[in-house]
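To start, the structure itself, in C-alpha cells.
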Amino acid sequence: MNGNEVKISIGLEGIYIAETKVCKIDGIAGKLWYRGYPIESLAADSSFEEVAYLLLYGSLPKKTELDSFAEQLKKERDISDNIKMIIKSLAQKSHPMDVLRTAVSALSSEDPELTDNSPEANLRKAVRLTAKMTTIVAAIGRMRAGKDYIKPDNSLGHAENFMYMLSGSKPNKEVAKFIDLMLVLHAEHGTNASTFSTMVTGSTLADLYAAITSGICALKGPLHGGADEAALKMMRTIGDPANTEKYIEDALAGKQKIMGFGHRVYKTYDPRAKILRSWFTDIGSKSSGEVKTLTETALRAEKMMIERLGASHGIWPNIDFFSGPLYIWAGVPAELFTPIFAAARVTGWSAHMLEYWPNNKIFRPLDHYTGQLDLKYININDRK
Ligand code: SDX
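Taking our numbering, the leading residue of the sequence shown gets 31, the next gets one more, and so forth.
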C-alpha cells in the first residue's frame, strides 16, 4: 500500500486487534473453544462456576480450587443497602440494562482495591463483579415487579441462587441446569463489540469497573446482546405460528434484520444455538400455552431463514434466537435476558482485560478525513 492509499474496514471487519488464549471461534466450521475446550463438552459436563474459573485463571480447577472459588463467589454475592437503593430508585422506570450499568458503576465506590491495577487485585475485582452482577440482575427483576430484595442463599450454586433470588423459590433441577447452561454459553466469545468496548476503556488504564461498565453499555444494543429480547418480541408479534412465513417475507422485503440470525464471524449455525436448539425442541414438545406457540413459530422462522439466507448469504441462527422461549419457560421475564447475558459475559470481558493489560497499548485507530481544509473564518456578523 503506498503512502496515500487508505483501506478502511468499517466496524473493524476482518481486523485482528490482539493475540488471545481465552477463546477461539471457527466461523466457517461453526466451532467454539474456551481456553481450548470445545463448548459442547463444557455445556454438557461443566458448570458456570467452573467455566468462570477456567476463563479467569486459564485452566480447569482441581476440586479444592473449584470449591474455594465457589466459596469466594458466595462470600461476594450480597450487595450493600446503597446499591439496593440505587436499583430500587430506577428499576420501575428504566430498562434493566440501564439499571445494571448504573449499579455496576456504583459498585466501584465500594471496592477498596479500585485503583490497584495489579493482576492479583484485578482478579479479585473480577470475582466480585461475577458474584455481584448476578445478584444485581435478580434484584432488578424483583424490584421491577415491586417486590423486595431477597438475600442470597449460600447453600445454593450460582445459577440456582440466581433463580431463588429472582423468584423467591428454589428452582427445580431442570430449570437450574438450564440457567447454568445459559451462563456457560454466554460467558465468552472473543472480541465481540462489548468485549472490544471493555478493552478500549481498559486500554486507557481506567479501572476494571469502568471497563466492565463500558461492556454492559455496548451489550445492550439489539444488534448485539439485545437481540435475544428483540427476537422474542418478534415471535410474540407474529402471534399465530401460521403468520410466520408472511411476517418474515415482509420483513426481508423491507430490508429489516431478523433478530437472532446472522453473525459477523459465524457463516454457519452458531454452535451455541445448536446446543440450545436441542433443549428447545425437547422443552417445546413438553410445553403448552405460549411456550408451545413460540416454539412452533421459532422453528418455522428457522426453516424459512435457513432456506432463504442460509447457504446463499451465510445467515444462520445465532445464540440469541432460541433463548427467549426457553427463558420464558424457565420463568425469566424478557427484559432480563440481556442482563443475564451480561452477568455471564463479565467473566469473558474480565478475562480479556486481564490478558491485555500486561502488554497494554491504548486503542487509537485512524480515521480518513474527507472534509475541506484551511477554510477562512468569517465573523458571525458577516455570515450570510
Ligand atoms: C451476538 O460478535 C459476537 O460474537 C456477538 C455474540 C457474542 O456472543 O458476543 O455472538 C452475540 O451479538 C449475536 C448476534 C445477535 N444479533 C442479532 O441477531 C441481530 C441480527 N443480526 C444482524 O444485525 C447481523 O447479522 C449482525 C449484526 C449480527 C452481524 O452483522 P454484520 O456482520 O455487520 O453484517 P451486516 O449487518 O453488514 O449484513 C450483511 C448483509 C446485509 O445485507 P446487504 O445490505 O448486504 O444486502 O446480510 C444481511 C444484511 O442486511 N443480514 C441480515 C441479517 N443479518 C445480516 N438480513 C436479515 N436478517 C438478519 N439477521
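For glycine and all other residues, C-beta sits at the position ideal for the given N, C-alpha and C.
All figures in this text were calculated on a predicted structure; none of them were measured in a lab.
On the premise that residue j lies in contact with residue i, defined as a C-beta separation below 8 angstroms, what is that separation, rounded to the nearest angstrom?
{"i": "Ala48", "j": "Thr221", "result": "7 angstroms"}
{"i": "Ile117", "j": "Val134", "result": "11 angstroms between Cβ atoms; not a contact."}
{"i": "Leu159", "j": "Ala189", "result": "Actually they do not touch by this definition, with Cβ atoms about 17 angstroms apart."}
{"i": "Leu86", "j": "Ala381", "result": "6 angstroms"}
{"i": "Tyr194", "j": "Lys203", "result": "Actually they do not touch by this definition, with Cβ atoms about 13 angstroms apart."}
{"i": "Ser224", "j": "Gly256", "result": "Between Gly256 and Ser224 the Cβ distance is about 11 angstroms, and since that is not below 8 angstroms, they are no contact."}
{"i": "Tyr83", "j": "Leu96", "result": "6 angstroms"}
{"i": "Glu275", "j": "Met334", "result": "6 angstroms"}
{"i": "Lys181", "j": "Glu106", "result": "About 14 angstroms; that fails the 8 angstroms criterion."}
{"i": "Pro301", "j": "Ile69", "result": "6 angstroms"}
{"i": "Gly314", "j": "Lys322", "result": "6 angstroms"}
{"i": "Ser317", "j": "Thr311", "result": "Actually they do not touch by this definition, with Cβ atoms about 11 angstroms apart."}
Would residue i be called buried (16 or more neighbouring beta carbons within 10 Å of its own) or exposed?
{"i": "Ile45", "result": "exposed"}
{"i": "Gly15", "result": "The chain is shown only over 31 to 414; residue 15 falls outside these bounds and no answer can be derived."}
{"i": "Tyr357", "result": "buried"}
{"i": "Met31", "result": "Interpretation of Met31 is limited by its pLDDT of 48, a score under 50 that renders its predicted location unreliable; no figure is taken from the coordinates."}
{"i": "Glu320", "result": "exposed"}
{"i": "Lys104", "result": "buried"}
{"i": "Met173", "result": "buried"}
{"i": "Lys37", "result": "exposed"}
{"i": "Leu253", "result": "exposed"}
{"i": "Thr231", "result": "buried"}
Tell me the rounded alpha-carbon separation between residue i and residue j.
{"i": "Phe371", "j": "Ile246", "result": "9 angstroms"}
{"i": "Leu403", "j": "Asp397", "result": "15 angstroms"}
{"i": "Leu306", "j": "Glu35", "result": "45 angstroms"}
{"i": "Leu282", "j": "Asp56", "result": "27 angstroms"}
{"i": "Met127", "j": "His216", "result": "16 angstroms"}
{"i": "Thr234", "j": "Ser77", "result": "33 angstroms"}
{"i": "Arg154", "j": "Gly269", "result": "46 angstroms"}
{"i": "Asn411", "j": "Thr165", "result": "59 angstroms"}
{"i": "Glu80", "j": "Pro142", "result": "26 angstroms"}
{"i": "Lys406", "j": "Arg394", "result": "30 angstroms"}
{"i": "Leu238", "j": "Thr228", "result": "9 angstroms"}
{"i": "Gly340", "j": "Glu332", "result": "10 angstroms"}
{"i": "Tyr67", "j": "Thr327", "result": "33 angstroms"}
{"i": "Leu211", "j": "Glu140", "result": "31 angstroms"}
{"i": "Ile278", "j": "Arg266", "result": "13 angstroms"}
{"i": "Ala121", "j": "Pro388", "result": "38 angstroms"}
{"i": "Lys114", "j": "Leu90", "result": "34 angstroms"}
{"i": "Val205", "j": "Ser244", "result": "30 angstroms"}
{"i": "Ala364", "j": "Val167", "result": "12 angstroms"}
Over the uninterrupted beta strand (DSSP E) stretch that includes residue i, give me the two end residues.
{"i": "Tyr64", "result": "61-64"}
{"i": "Asp280", "result": "Not the beta strand (DSSP E): Asp280 falls in the alpha helix (DSSP H), residues 274-283."}
{"i": "Ile55", "result": "53-56"}
On a CA-only basis, which of the options is nearest residue i? Give me that one, please.
{"i": "Leu42", "options": "Leu262, Phe192, Val295", "result": "Val295"}
{"i": "Arg330", "options": "Pro271, Ile345, Lys93", "result": "Pro271"}
{"i": "Asp258", "options": "Lys51, Phe192, Gly292, Ser353", "result": "Ser353"}
Quick one: give me the first and last residue of the alpha helix (DSSP H) that residue i is part of.
{"i": "Val81", "result": "78-87"}
{"i": "Gln102", "result": "93-105"}
{"i": "Asn152", "result": "149-174"}
{"i": "Val36", "result": "First-last for Val36: undefined, no H or E at that position."}
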